[in-house]
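Below: the structure, in structure tokens.
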Amino acid sequence: MRRAATVMVVVTSAIWVAPAPVLAVDQADWQPVFSDSFDDPGTLPSGCAAYDGSSEGAQPTYFRPEAVTVSGGRLHLALHRRTYGGKPFVTGELRCLGAAQQYGRYEFRARVPVGAGISSIAMLRPVDQQAPQDESQLEITARPGAETALVRNGSGTGTSVRTLPGPFSDWHSYAIEWSPAGFKVFVDGKERSTDPGASPAQRWFGFAVTTSESGAPGTSTTLPAEFQVDYLRVYAFAPVSSLPAVAAQPSTAQNGMSGSPGGHRWSLWLAVAATVMAAVALFALVVHKTRPHRPPPSHRA
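Per mature numbering (1 follows the signal peptide of the UniProt record, and there is no 0), the sequence shown runs over residues -24 to -1, 1 to 277.
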């Protein structure tokens, strides 16, 4: 029995004390699932739609579908000084709910409008729309002489904010990388922001142009102004390396269960249960082998 107990301790130690592998993301871990170069005039990307509704809070904007157009090989999101729904500005927002997924890489080339009071945004929002701690975005404000970008990353438990210095006017390529290893932002191929926090919630990607939180455009800002996007490429996280996290496949908002965090929890519990059962079987085998055997009745005195 002492020998069996020793074996049991060794097995249990191997299960619970083994160090967890370090998270890393290789280029091969990203699989393309969506791409649009906006070459079809008047047609929005598949799975995407222009939002129609008032902005949240005290923002003086109303999002309207006519402010989101495709022409000249580009996506245009416009900001107009026009009253609608009691708001003094009409703006554009594109939501790609049909490309919701858990983790992803989003590449786009864009030009933001220059002017005080205008913000151009690339955003990730939770499918349920009820968890602000899961919201992340890259917000670019190209005020003359003060071009900055704010990276807000909701990790599921809180939100971090980082400020990136410009310039951001004219055309630039951007990439937002969201994986179990964290949240990163690249500008023109250079990593500009990294945060180890990463929300595990299913999220959709989108673009918007709106008024800045620091103040609406004044009379010195020329309107209408446009946030233009040259292309959009979306990748799913499908690791080929031995990462401990399993990526969800892209899914629509209506079919989000396939990549839900709950599915991963069930997989973890099944793995733990299988390991425990194997340890119990090994323990029983050792006990059987080490237990002294009585001779058959015919050999007894």
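Backbone N, C-alpha and C define an ideal beta-carbon position, used for all residues, glycine too.
inquiry  = Can you tell me whether residue 22 is buried or exposed? The criterion is at least 16 other CB atoms within 10 Å of its CB, across all chains shown.
reply    = exposed
What do you get for residue 215, buried or exposed, if any count of 16 or more other CB atoms within 10 angstroms of its CB means buried? buried
**Message:** Mapping the DSSP letters down to three states, classify residue 42 as helix, strand or coil.
**Reply:** helix
* What span of residues does the beta strand (DSSP E) with residue 9 cover, start to end? -> 6 to 12
How is residue 235 classed by DSSP in three states: helix, strand or coil? Any reading at residue 235 must be qualified, since the residue scores a pLDDT of 34, below 50, and its modelled position is unreliable; the value itself is stated next. Here residue 235 sits in helix by DSSP.
### Message
Short of 6 Å in beta carbon distance, which residues of its chain neighbour residue 162, apart from the five on each side in sequence? Order them along the chain.
### Response
151
### Message
So, with DSSP's three-state summary, where would you put residue 110?
### Response
helix
Margin query: At 3 residues or longer, what runs of the beta strand (DSSP E) sit wholly inside the region 61 to 99?
Written below: 65 to 67, 69 to 77 and 80 to 87
Is residue 193 helix, strand or coil by DSSP?
-> coil
Can you tell me the Cα-Cα spacing of residue 226 and residue 180, whole angstroms? Per-residue confidence for residue 226 stands at a pLDDT of 41, beneath the threshold of 50, marking its modelled position as unreliable; the derived number appears in the next sentence. One C-alpha to the other measures close to 10 Å.
Looking only at C-alpha atoms, which of 165, 157 and 190 sits nearest to residue 80?
157
Note to self: Suppose the cutoff is 6 Å on Cβ atoms and the five residues either side in sequence are ignored; what does the same chain contact list for residue 84 look like?
What the structure shows: 150, 205 and 208
Am I right that residue 184 and residue 94 are in contact with their C-beta atoms under 8 Å? What's the rounded C-beta distance? Their Cβ separation, rounded to whole angstroms, is 11 Å, which puts residue 184 and residue 94 out of contact at 8 Å.
| task | Quick one: grab the DSSP three-state call for residue 35. | result | coil
- Pick from 20, 144 and 58 that is closest to residue 71, judged by C-alpha positions: 20
So does the region 100 to 116 actually touch the region 47 to 67, counting three or more Cβ pairs closer than 8 Å? no
> Touch check for the region 158 to 178 and the region 5 to 16: three-plus C-beta pairs under 8 Å?
Replying inline: no
_Exposure label - residue 91; buried when at least 16 CB within 10 Å_ = buried
ask   = Three-state secondary structure (DSSP) at residue 3?
value = helix
Can you give me the start and stop residues for the beta strand (DSSP E) that residue 168 sits inside? 166 to 171
| field | Buried versus exposed call for residue 47 [16 or more other C-beta atoms within 10 Å across all chains shown] | value | exposed
| What are the boundary residues of the beta strand (DSSP E) that includes residue 126? | 122 to 130
**Request:** Count the other CB atoms, across all protein chains shown, that sit within 10 Å of the CB of residue 230; report buried if there are 16 or more and exposed otherwise.
**Result:** Bear in mind that the predicted position of residue 230 carries a pLDDT of just 34, short of 50, making it unreliable; the figure below should be weighed with that in mind. Exposed, because fewer than 16 other Cβ atoms sit within 10 Å of the Cβ of residue 230.
Could you tell me which residues DSSP puts in a beta bridge with residue 204?
52 and 87
- Looking at C-alpha atoms only, which residue of 38, 153 and 132 is the closest neighbour of residue 212? 153
Q) The beta strand (DSSP E) with residue 142 in it runs from where to where? A) First-last for residue 142: undefined, no H or E at that position.
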